[in-house]
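In the UniProt record's numbering, the protein residues as written are 1 to 334.
Structure representation (structure tokens):
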């Protein structure tokens with residue numbers, strides 16, 4: 001903590017009134033005083049933006065900056081959102097993925113949905129309920145089978161909502177063998193992904209019908225409420241925040257990638273994030289319009305830096321996981 005006299009402070013404020021771009025988020029003033037305090041400090045010490053610096057710049061751009069006539073206002077990326085399919089239907093058992101827009105709608109808040117893979121678990125007139133599938137936690141659930149085996153399952157974070165007083169985990173599988181034996185219940189009759197009970201999981205493992213790694217265990221869920229029948233996940237998709245996926249082969253491929261994620265530790269964090277983004281990537285639509293859309297997107301940089309905003313959003317997701325699922329408040333830097 002340091003102090004400055006009123007004259008120095010007022011002089012710096014007057015200088016910034018005319019010379020400072022609000023997209024720099026006030027960092028000019030901080031750097032000016034830092035240089036006065038540490039005059040012998042090498043200039044390079046003030047040139048590398050940390051993750052928090054970059055996020056503050058994006059917040060300033062969103063909340064404080066008013067574009068001039070010559071500026072391109074691409075803060076919300078609205079000009080490059082693909083045409084919305086008005087025939088879109090959100091149904092139980094459907095899979096959706098976080099927006100593919102270069103300027104992620106989840107950069108500054110709700111980072112857990114950035115490049116997410118979500119299974120629609122319930123769809124009613126009042127709400128949509130989804131399970132996030134791509135966020136392993138550090139928690140383990142031990143299942144004791146009838147044969148006396150202790151089998152550990154990594155618990156995934158399905159969302160911030162839960163039901164008090166009930167066993168929280170939801171068991172899922174996409175095993176062709178188990179589907180053929182009608183073990184479990186299809187979320188929708190023609191659906192690849194089935195729910196099952198812990199007893200069905202335990203019996204299947206004892207009988208050698210499936211391996212523990214073929215099951216997902218999800219705790220918690222996410223609710224998107226509706227008003228007078230509108231909103232929910234349909235409203236999210238119409239706003240460009242999520243994209244529906246209907247191709248079974250893509251869903252199966254993404255599922256297989258997510259199954260390879262491991263229990264969350266500091267040592268597995270980067271690989272888990274990489275597999276999360278890989279699974280999200282295989283769910284991309286493969287028609288020509290989308291390919292043209294993706295190839296035409298410009299990669300905007302955070303103001304005054306060499307960091308792409310899309311890369312910053314990936315880093316924001318990783319830091320969300322570190323803070324809320326790993327319990328580590330240390331921010332990574334670029």
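Don't be surprised by glycine CBs; every beta carbon is placed ideally from N, CA and C.
Please determine, among 161, 233, 61 and 244, the residue with the shortest C-alpha to C-alpha distance to residue 97.
-> 244
For chain D, is any of its Cβ atoms less than 8 Å away from the one on residue 233?
-> Within the model displayed, chain D is absent; a lone protein chain is all it includes.
Compute the Euclidean distance between the alpha carbons of residue 300 and residue 258, then round it to the nearest angstrom.
-> 29 Å
Secondary structure at residue 295, three-state DSSP: helix, strand or coil?
-> For residue 295, the pLDDT reaches just 46, beneath the cut-off of 50, and the residue's location in the model is therefore unreliable, leaving the point undetermined.
Count the C-beta pairs between the segment 186-203 and the segment 248-257 that are closer than 8 Å, then say yes if the count reaches three, no if not.
-> yes
Under the DSSP definition of a beta bridge, which residues are partnered with residue 154?
-> 140
Of the residues 307, 63 and 112, the one placed nearest residue 242, counting alpha carbons only | 112
Measuring CB to CB, does residue 134 end up less than 8 Å from residue 279?
-> yes
Who are the Cβ neighbours of residue 288 in its own chain at under 8 Å, not counting the five residues just before and after it?
-> Per-residue confidence for residue 288 stands at a pLDDT of 39, beneath the threshold of 50, marking its modelled position as unreliable; the derived number appears in the next sentence. Correct list: empty, nothing qualifies.
Do you know how far the Cα of residue 147 is from the Cα of residue 213?
-> 18 Å
The ligand ADP heavy atoms versus the CB of residue 160: any closer than 7 Å?
-> The model on display carries no ligand, and the ligand ADP is accordingly not part of it.
Any idea if residue 319 is buried or exposed, counting beta-carbon neighbours within 10 angstroms, 16 or more meaning buried?
-> buried
Please report the residue range of the alpha helix (DSSP H) in which residue 111 lies.
-> Segment: none, residue 111 is in no alpha helix (DSSP H) and carries neither H nor E.
Alpha carbon to alpha carbon, how far is residue 149 from residue 236? Give it in angstroms, no decimals.
-> 43 Å
At what residues does the beta strand (DSSP E) containing residue 173 begin and finish?
-> 169-173
Is the beta carbon of residue 158 sitting closer than 8 Å to the one on residue 127?
-> no
Compare the Cα-Cα distances from residue 209 to each of 124, 185, 224 and 180 and report the closest residue.
-> 180
How big is the Cα-Cα spacing for residue 60 and residue 221?
-> 32 Å
My guess is that residue 202 and residue 143 are in contact by the Cβ rule of under 8 Å, so how many angstroms apart are they, rounded?
-> 6 Å
Near residue 138, what residues of its chain come up, given a Cβ to Cβ distance below 8 Å and the 5 sequence neighbours on each side ignored?
-> 263, 264, 265, 325, 326 and 327
Between residue 217 and residue 230, what straight-line distance do the alpha-carbon atoms span, to the nearest angstrom?
-> 30 Å
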